[in-house]
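Read through the structure below, which is laid out as structure tokens, and then see the notes.
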Amino acid sequence: MAYRPTPRTEARRAEVRDRIVRAALDLIRFGGYREASVAAVAEGAEVATGTVYRHFPSKAELFAEVFRVASQHEVDAVAEAMSGSGTALDRVARGVETFARRALRGPRLAWALLAEPVDPAVEAERLVFRQAYARVFSSALREGIADGSLPAQNPEFTAIALVGAIGEAVTRASDFDDEALVASLVRFCLRSITEENHVHHRAA
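Each residue of the sequence shown is one higher than the last, beginning at 1 in our numbering.
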């Protein structure tokens, strides 16, 4: 008779897997991917190195899972900030500020999620992460365009540009005071979605 895992063994397996992911995330949060060796992850999770490999056949697969968990948490925080009342402009401003402030509070994790050179498997997750952020912003943009509070524009393209600008600013603009960076970034993003007609006129 083939072995069938019981609910108890499945729960135990899920708990161990979760510990491994959390241990890897803690290491990445403070030292980036290079600090998260399999041995260090195993030590943090209080399991054997072989146990890590039973759950994740390669370090790339482990990092991809850690990336999915961490990035979803960040996307959810921005989505929640943008889900309240207010105009589309208000909601975009809250989303930009939340994205930026969370990145600035955890700069090493932000670098790992947004810019650190990574394995192709993790880079593929990074693209999914950016697309998820863009969908949150594009939803607010579409509503603003529909109610006339924002000028006509391609909301998907604008959202992608916003996510790129925010990510670049929070990981590269080290010469700025945090408050000045957040304020400047919010102003830049709001101008980019409200002054399209002026931009087109200048470009012409």
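Just so it is clear, CB atoms sit at the ideal spot from N, CA and C, and this is done for glycine as well.
Problem set entry | Thr51 versus Ile20, Ala77, His73, residue with shortest Cα-Cα distance | If you number the sequence shown from 1, residue 51 lands on position 51. Of the candidates Ile20, Ala77, His73, the one whose C-alpha sits nearest the C-alpha of Thr51 is Ile20.
Problem set entry | Secondary structure of Ala85, DSSP reduced to three states | Counted from its first residue, the sequence shown places residue 85 at position 85. Note that residue 85 is Ser in the sequence shown here, rather than Ala. Coil.
For this session: Return the Cβ separation of Val163 and Ala79 in integer angstroms, given the expectation that the two are a contact with Cβ distance under 8 Å.
Result: Within the sequence shown, the letter at position 163 stands for residue 163. Within the sequence shown, the letter at position 79 stands for residue 79. Actually they are not in contact, since the Cβ atoms of Val163 and Ala79 sit about 13 Å apart, beyond 8 Å.
Problem set entry | Residue closest to Glu156, alpha-carbon to alpha-carbon, out of Tyr33, Glu46, Gln131 | Along the sequence shown, read from residue 1 onward, the residue named residue 156 stands at position 156. The option with the nearest alpha carbon to Glu156 is Gln131.
Problem set entry | Buried or exposed by the 16-neighbour rule on C-beta atoms within 10 Å, applied to Ile28 | For this step, residue 28 is matched to residue 28 along the sequence shown. Burial call: buried.
Exercise. Helix or strand or just coil, what does DSSP make of Ala203?
Worked result: Counting from one through the sequence shown, the residue named residue 203 turns up at place 203. In this prediction, Ala203 has a pLDDT of 35, which is less than 50 and means its spatial position is unreliable; nothing more can be read from the coordinates.
Exercise. Residue ranges of each alpha helix (DSSP H) run of no fewer than 4 residues wholly in the segment 114 to 185, ordered along the chain?
Worked result: Correct list: 120 to 146, 155 to 172.
For this session: With Phe30 as the anchor, note down where its alpha helix (DSSP H) starts and where it stops.
Result: Position 30 of the sequence shown, counted from the start, is the residue given in the question as residue 30. Its alpha helix (DSSP H) spans residues 7 to 31.
For this session: Measure the C-alpha to C-alpha separation of Pro7 and Arg17 and round it to an integer number of angstroms.
Result: Along the sequence shown, read from residue 1 onward, the residue named residue 7 stands at position 7. Along the sequence shown, read from residue 1 onward, the residue named residue 17 stands at position 17. Using only the alpha carbons, I get a separation of about 15 Å.
For this session: Go ahead and pull the three-state DSSP assignment for Phe99.
Result: Working through the sequence shown from its first residue, we reach residue 99 at position 99. Three-state DSSP puts Phe99 in a helix.
Exercise. What's the gap between the Cα of Ser85 and the Cα of Val96?
Worked result: Walking along the sequence shown from the start, residue 85 turns up at place 85. Walking along the sequence shown from the start, residue 96 turns up at place 96. Rounded to the nearest angstrom, the two C-alpha atoms are 16 Å apart.
Exercise. Just the Cα atoms here: how many angstroms apart are Glu15 and Leu127?
Worked result: As a working note, residue 15 is residue 15 in the sequence shown. As a working note, residue 127 is residue 127 in the sequence shown. When rounded, the distance between both Cα atoms is 28 Å.
For this session: Evaluate Arg94 with the Cβ neighbour count: other Cβ atoms within 10 Å of its Cβ, from every protein chain shown; 16 or more gives buried, anything less gives exposed.
Result: Within the sequence shown, residue 94 is the residue found at index 94, counting from 1. Its Cβ being crowded by 16 or more others within 10 Å, Arg94 is buried.
Problem set entry | Val199 burial status per 10 Å Cβ neighbour count (16 or more: buried) | In the sequence shown, the residue the question calls residue 199 occupies position 199. Residue placement at Val199 cannot be trusted, given a pLDDT of 42 that sits under 50; the coordinates are not used to answer.
For this session: Indicate the three-state DSSP secondary structure (helix, strand or coil) for Val47 in the structure shown.
Result: Locating residue 47 in the sequence shown gives position 47, where the first residue counts as 1. Three-state result, Val47: coil.
For this session: Express the C-alpha separation of Pro107 and Asp119 in angstroms, rounding to a whole number.
Result: Taking the first residue of the sequence shown as position 1, residue 119 is located at position 119. Taking the first residue of the sequence shown as position 1, residue 107 is located at position 107. Approximately 20 Å between the Cα atoms of the pair.
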